[in-house]
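Asks: Everything in the sequence shown is counted per the UniProt record's numbering, starting at 1 for the first residue and increasing by one.
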Amino acid sequence: MGVKCAALLPHPPIVIEEIGGRELKKAEKTVQGFKKTAAEIAEFKDELDLLVFITPHGPVFRSTASVIIKEDLKGNFGDFGHPKLKFSEKSDTKFAEKLISNVKEENLSLQPLRKNDLKNYGVDQELDHGIMVPLNYLEKAGIKLPVLPISIGFISYEELYKIGQEIARTASELDYKIGVIASGDLSHRLKKGAPAGFNPDAHIFDEKLMQYFRGKDFNSILNFDQDLVEKAGECGLRPIITMLGTLDKLEVEVKVNSYEGPFGVGYGTVFINPETDKK
Numbered sequence: 001m002g003v004k005c006a007a008l009l010p011h012p013p014i015v016i017e018e019i020g021g022r023e024l025k026k027a028e029k030t031v032q033g034f035k036k037t038a039a040e041i042a043e044f045k046d047e048l049d050l051l052v053f054i055t056p057h058g059p060v061f062r063s064t065a066s067v068i069i070k071e072d073l074k075g076n077f078g079d080f081g082h083p084k085l086k087f088s089e090k091s092d093t094k095f096a097e098k099l100i101s102n103v104k105e106e107n108l109s110l111q112p113l114r115k116n117d118l119k120n121y122g123v124d125q126e127l128d129h130g131i132m133v134p135l136n137y138l139e140k141a142g143i144k145l146p147v148l149p150i151s152i153g154f155i156s157y158e159e160l161y162k163i164g165q166e167i168a169r170t171a172s173e174l175d176y177k178i179g180v181i182a183s184g185d186l187s188h189r190l191k192k193g194a195p196a197g198f199n200p201d202a203h204i205f206d207e208k209l210m211q212y213f214r215g216k217d218f219n220s221i222l223n224f225d226q227d228l229v230e231k232a233g234e235c236g237l238r239p240i241i242t243m244l245g246t247l248d249k250l251e252v253e254v255k256v257n258s259y260e261g262p263f264g265v266g267y268g269t270v271f272i273n274p275e276t277d278k279k
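#1: Determine the extent of the alpha helix (DSSP H) in which K94 is found, giving its start and end residues.
#2: I'd like to know whether the C-beta atoms of V252 and E166 end up nearer to each other than 7 angstroms.
#3: With a threshold of 16 other CB atoms inside 10 Å of the CB of F53, please say whether the residue is buried or exposed.
#4: For Y121, does the count of other Cβ atoms within 10 angstroms reach 16, so buried, or fall short, so exposed?
#5: May I ask you to report which of helix, strand or coil DSSP gives Y267?
#6: If you follow the beta strand (DSSP E) that L85 is part of, which residue opens it and which one closes it?
#7: Would DSSP call Y176 helix, strand or coil?
#8: Ends of the beta strand (DSSP E) at S151?
#9: Please classify S220: does DSSP put it in a helix, a strand, or coil?
#10: Go to N116, then tell me how far its alpha helix (DSSP H) extends in each direction, as first and last residue.
#11: Rounded to whole angstroms, what is the Cα-Cα separation between L148 and A232?
#12: Please name the residue, chosen from V3, G164, V270, L247, that lies closest to D206 on a Cα-to-Cα basis.
#13: Since L110 sits in a beta bridge, which residues does DSSP pair it with?
#14: Tell me whether P200 is buried or exposed, calling it buried when 16 or more other Cβ atoms sit within 10 Å of its Cβ.
#15: When you compare the CB positions of A65 and I152, do they come within less than 7 angstroms of one another, or not?
#16: Let's test the definition: count the other Cβ atoms within 10 Å of the Cβ of N136 and tell me whether it reaches 16, buried, or not, exposed.
#17: Report yes if the C-beta of S172 is less than 6 angstroms from at least one heavy atom of the ligand FMN; otherwise report no.
#18: I'd like the span of the alpha helix (DSSP H) that includes V229, first residue to last.
#19: Kindly give me the distance between the Cβ atoms of residue 289 and C5, rounded to whole angstroms, as I take these residues to be in contact under 8 angstroms.
#20: Return the CA-CA distance between L127 and S88, expressed in angstroms with no decimal places.
#21: Report buried or exposed for G164, applying the criterion of at least 16 other Cβ atoms within 10 angstroms of its Cβ.
#22: So Q154 is in the beta strand (DSSP E); what residue range does that whole segment cover?
#23: Do you know how far the Cα of K115 is from the Cα of V265?
#24: Helix, strand or coil for D49 per DSSP?
#25: Go to G2, then tell me how far its beta strand (DSSP E) extends in each direction, as first and last residue.
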């Protein structure tokens with residue numbers, strides 16, 4: 001029981017066929033990386049009880065991460081001109097409540113967001129594009145599982161890592177097998193005209209991150225050069241660190257399936273297969 005597979009997946013809506021149209025060809029490596037990673041996750045679909053998504057685009061707070069606790073989750077791409085492109089997913093409140101209990105024991109910052117909380121914060125859909133873009137490819141690969149949406153907070157990397165550990169602990173205590181998806185784009189400053197402007201050193205962040213994944217050098221990811229992080233203007237490092245916490249004390253196989261930055265934003269797809277507990 002516990003974490004059976006994990007992945008880093010980006011979330012540019014342009015890689016959704018209905019949204020990207022002709023532009024989709026410019027991100028062909030990412031499309032193929034998505035399909036390959038989704039197929040690898042699909043090999044576990046009959047074993048998995050739950051998909052845990054860690055997103056930087058849900059309800060994000062400065063002082064805490066958060067988890068949406070609601071039986072039914074909905075979202076659409078209305079913000080990207082496609083309101084009819086919708087997702088409706090089941091969640092698992094039993095897992096979510098147990099996770100909240102576990103993080104409280106460890107004094108970690110993970111805020112439960114229930115129906116009234118979502119209303120009070122003006123959150124009108126539970127699934128953001130950081131979840132829906134990967135879901136698009138996962139469901140096309142035949143994966144239809146309950147979804148747990150966890151949003152990063154601007155808390156320390158160490159605390160995010162510990163929250164990841166508690167996600168894994170919760171799975172073990174409930175005898176769940178889970179897949180963990182870190183949703184994140186990499187540098188937003190790769191080219192002139194990129195969404196966050198251009199920085200000539202931004203590409204180094206992406207290159208080092210992919211290098212660290214290939215070498216399974218998770219310690220370097222956890223202790224990333226903060227100057228480079230700032231130059232990159234990324235949104236993927238915190239989801240990645242939370243995911244890595246779920247893999248603590250596991251031996252893993254890592255496959256970098258794709259990387260490119262066609263629109264000035266880096267997109268990486270990575271599949272992680274935990275093998276055995278470290279002795």
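The beta carbon of each residue, even a glycine, is placed where N, CA and C say it ideally should be.
Please read all numbers here as calculations on a predicted model, not as lab measurements.
Replies: Walking through what the data contain:
#1: Start at 1 with the first residue of the sequence shown, and residue 94 comes out as number 94. K94 -> alpha helix (DSSP H) spans 93–105.
#2: Translated into positions along the sequence shown, residue 252 becomes position 252. Translated into positions along the sequence shown, residue 166 becomes position 166. Taking 7 angstroms as the Cβ cut-off, V252 and E166 do not qualify as a contacting pair.
#3: Residue 53 sits at position 53 when you count from the first residue of the sequence shown. Flag for F53 reads buried.
#4: If you number the sequence shown from 1, residue 121 lands on position 121. Y121 is exposed by the Cβ-count criterion.
#5: Here residue 267 is taken as the residue at index 267 of the sequence shown, counted from 1. Reduced to three states, the DSSP call for Y267 is strand.
#6: Walking along the sequence shown from the start, residue 85 turns up at place 85. Here the beta strand (DSSP E) through L85 covers 82–90.
#7: Within the sequence shown, the letter at position 176 stands for residue 176. In the structure shown, Y176 sits in coil (DSSP, three-state: anything other than H, G, I, E or B).
#8: Here residue 151 refers to the residue found at position 151 of the sequence shown. Start and end: 147–151.
#9: Counting from one through the sequence shown, the residue named residue 220 turns up at place 220. S220 falls in the helix class under three-state DSSP.
#10: By 1-based counting over the sequence shown, the position of residue 116 is 116. Unbroken alpha helix (DSSP H) run through N116: 115–120.
#11: The residue you call residue 148 lines up with position 148 of the sequence shown. The residue you call residue 232 lines up with position 232 of the sequence shown. The straight-line gap from Cα to Cα measures roughly 28 angstroms.
#12: Walking along the sequence shown from the start, residue 206 turns up at place 206. Out of V3, G164, V270, L247, V270 has the C-alpha closest to the C-alpha of D206.
#13: Here residue 110 refers to the residue found at position 110 of the sequence shown. Partner(s): A65.
#14: For the purposes of this step, residue 200 is taken as residue 200 along the sequence shown, with counting starting at 1. Its Cβ having fewer than 16 others within 10 Å, P200 is exposed.
#15: Position 65 of the sequence shown, counted from the first residue, corresponds to residue 65. Position 152 of the sequence shown, counted from the first residue, corresponds to residue 152. Against a cut-off of 7 angstroms, the Cβ pair of I152 and A65 comes out as a contact.
#16: In the sequence shown, the residue the question calls residue 136 occupies position 136. Label assigned to N136: buried.
#17: The model on display carries no ligand, and the ligand FMN is accordingly not part of it.
#18: Numbered from 1 along the sequence shown, position 229 holds the residue referred to as residue 229. Per DSSP, V229 belongs to the alpha helix (DSSP H) from 226–232.
#19: Lying outside 1 to 279, the shown extent of the chain, residue 289 is not represented and no answer is given.
#20: Position 127 of the sequence shown, counted from the start, is the residue given in the question as residue 127. Position 88 of the sequence shown, counted from the start, is the residue given in the question as residue 88. Taking the straight line joining both Cα atoms gives about 9 angstroms.
#21: For the purposes of this step, residue 164 is taken as residue 164 along the sequence shown, with counting starting at 1. Per the 10 Å Cβ criterion, buried.
#22: The sequence position of residue 154 within the sequence shown is 154, counting from 1. Looking at the sequence provided, one finds Phe at residue 154 rather than Gln. Careful: F154 lies outside any beta strand (DSSP E) and carries neither H nor E.
#23: As a working note, residue 265 is residue 265 in the sequence shown. As a working note, residue 115 is residue 115 in the sequence shown. Cα to Cα, the separation comes out at about 34 angstroms.
#24: Counting from 1 along the sequence shown, the entry for residue 49 is found at position 49. Looking at D49 - three-state DSSP - the assignment turns out to be coil, as it is neither helix nor strand.
#25: Translated into the one-based positions of the sequence shown, residue 2 becomes position 2. G2 -> beta strand (DSSP E) spans 2–9.
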